[in-house]
Amino acid sequence: VFSTPPGAFAGPAAFSPDGAFLVHPQDGTALLVRETKTWSVVRELPFDAQALAFSPDGRRLAVGGKSLRIIDFATGETLREASGGEVAFSRVAFSADGTVVAALHGGTIRVIDASEGAEVAEPVAFPGAWGGLAWSPDAGRLAVSVPDAIGVFDARTGAPLAMCGPGLAYPWNAGFSPDGRFVEAVLRRPEPCTVRFDAATGAEEGRSRSFPHEMGRLGRFTARPLALVHAETTRLVDAVDGRTLRDFPAPDGDSDYAQLDEKAALVVWAGWSTREFVVRDACDGRVVARFEAPPEIDSVSGWRAADGRITISDQGGRIAVVDARTGRRRVLVDCPHSLNGWSVSEPEAELIAAVDDEFSVRIFDGVSGAELAVLPGHRGPVNAIAFAPGGRLLATSSEDGTVLVWDVAAANGR
6 VFSTPPGAFA GPAAFSPDGA FLVHPQDGTA LLVRETKTWS VVRELPFDAQ ALAFSPDGRR
66 LAVGGKSLRI IDFATGETLR EASGGEVAFS RVAFSADGTV VAALHGGTIR VIDASEGAEV
126 AEPVAFPGAW GGLAWSPDAG RLAVSVPDAI GVFDARTGAP LAMCGPGLAY PWNAGFSPDG
186 RFVEAVLRRP EPCTVRFDAA TGAEEGRSRS FPHEMGRLGR FTARPLALVH AETTRLVDAV
246 DGRTLRDFPA PDGDSDYAQL DEKAALVVWA GWSTREFVVR DACDGRVVAR FEAPPEIDSV
306 SGWRAADGRI TISDQGGRIA VVDARTGRRR VLVDCPHSLN GWSVSEPEAE LIAAVDDEFS
366 VRIFDGVSGA ELAVLPGHRG PVNAIAFAPG GRLLATSSED GTVLVWDVAA ANGR
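In terms of this note's numbering, the sequence shown opens at residue 6 and continues consecutively.
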């Protein structure tokens, strides 16, 4: 979609959390801000950068160079600045709650309060640290790449907790899994591949197939579309070039229907004649959870897996939303109208949408289960339903030949 000039310094780069902007340097003198619909440059920020990181809410940008700056992304104003002296800041990372920033500064890690600018702890020496820096989800640990290993350290004291390796070839951009149990990294073995380690012991847990990139930042999925194919086994494939990424063994029992939860990196199985759900990690295939539908659900008539949650419906008008990794019920909706099995939840807006036997769309509060709105309009059975990110819009398609897009925010008064 665009490229920087050949031979120019091309890194680092950072997407805003909502994907609306991409920030990258130009000639070492400025940062360009591109909006990602047309990739045109909408702003320039007068900073040199060897490292970039957005805060989780997207409001601040940490810029590492000759100094460490925390800037207001909307205005470009420098909110906090820490001097680097003669040594540049080569990696920066916000904690999951956005309160502190870790920075790789030469052979030390500096942990800085993002609001006050004060150092949270004494700088900790990590001789040879060079290739990666990442926070654990609980903000208590840091994963740091050194020439032949990945170290897991206490973020405040620097005390070593685990060492993944040694003997690794070019450990690159180590990061924690979402639950904090594993450290993942891109390595050469001898070709580049992703490898997972136990964050407590450093023991290797498994690796992916090789991929044709010289170096790369670790992501659970790329931006390329993925698809599940059902044949003798359930197969995860690249929907662009058809490459097989992983084959999954069939679960025991009548659980031959699967869905991909791309955001949570999960594959979920459930059969129409069983109440049991089987959840696997889409990256390494291991079983994450195995549980039954909540007892309030008489007979599973429909279900959807998305955003780490499973929305389960029955013909009696009940909808349960459960955590895909634990099976714990989050909310139960009891509607007197018989539903058609089409329901979906939107975690960010805490909403649930379902279709009743008169083809109307019903919106429920995802915390209390209370009904918020009824949206009539379709004249035939509804075959698909989906929220837009953030929950403001909802799309439904029907056998009446229409796709309707609903303004949910206006309908429920939010």
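For glycine and all other residues, C-beta sits at the position ideal for the given N, C-alpha and C.
Residues near residue i by beta carbon distance below 6 Å, same chain, minus five either side
i, result
"residue 292", "285"
"residue 120", "none"
"residue 85", "75 and 122"
"residue 83", "74 and 76"
"residue 99", "58, 60 and 106"
"residue 35", "49 and 51"
Residue i to residue j span [Cα, whole Å]
i, j, result
"residue 328", "residue 380", "27 Å"
"residue 101", "residue 77", "18 Å"
"residue 371", "residue 351", "8 Å"
"residue 45", "residue 204", "41 Å"
"residue 385", "residue 161", "60 Å"
"residue 233", "residue 241", "5 Å"
"residue 92", "residue 114", "12 Å"
"residue 104", "residue 139", "14 Å"
"residue 170", "residue 414", "51 Å"
"residue 302", "residue 269", "24 Å"
"residue 295", "residue 263", "14 Å"
"residue 252", "residue 183", "23 Å"
"residue 220", "residue 154", "With a pLDDT of 38 at residue 220, under the threshold of 50, the modelled position of this residue cannot be trusted; read the value that follows with caution. Spanning the two alpha carbons is a distance of roughly 16 Å."
"residue 363", "residue 30", "55 Å"
"residue 243", "residue 124", "44 Å"
Helix, strand or coil at residue i according to DSSP, with G and I counted as helix
i, result
"residue 119", "coil"
"residue 125", "coil"
"residue 275", "strand"
"residue 68", "strand"
"residue 218", "Its pLDDT being 39, under 50, residue 218 is placed unreliably by the model, and nothing is read from it."
"residue 372", "coil"
"residue 413", "helix"
"residue 353", "coil"
"residue 383", "coil"
For residue j and residue i, believed in contact at Cβ under 8 Å, the rounded distance
i, j, result
"residue 271", "residue 310", "7 Å"
"residue 141", "residue 190", "Actually they are not in contact, since the Cβ atoms of residue 141 and residue 190 sit about 14 Å apart, beyond 8 Å."
"residue 61", "residue 11", "Rounded, the Cβ-Cβ distance is 34 Å, inconsistent with contact."
"residue 26", "residue 38", "6 Å"
"residue 354", "residue 313", "At roughly 15 Å, the Cβ-Cβ gap does not stay under 8 Å, so residue 354 and residue 313 are not in contact."
"residue 326", "residue 360", "The pair is not a contact, with the Cβ atoms about 16 Å apart (cut-off 8 Å)."
"residue 324", "residue 348", "5 Å"
Unbroken beta strand (DSSP E) run spanning residue i, endpoints
i, result
"residue 31", "26 to 31"
"residue 308", "305 to 311"
"residue 403", "398 to 403"
"residue 150", "146 to 151"
"residue 39", "35 to 40"
"residue 56", "56 to 59"
Sequence-distant residues of the same chain with beta carbon closer than 7 Å to residue i, five excluded per side
i, result
"residue 289", "201 and 211"
Close Cβ partners of residue i (< 8 Å) along its chain, the five nearest in sequence each way excluded
i, result
"residue 24", "41"
"residue 146", "140, 157, 158, 159, 160, 166, 181, 185 and 204"
"residue 4", "Outside the modelled stretch of the chain, which goes from 6 to 419, sits residue 4, for which no answer is possible."
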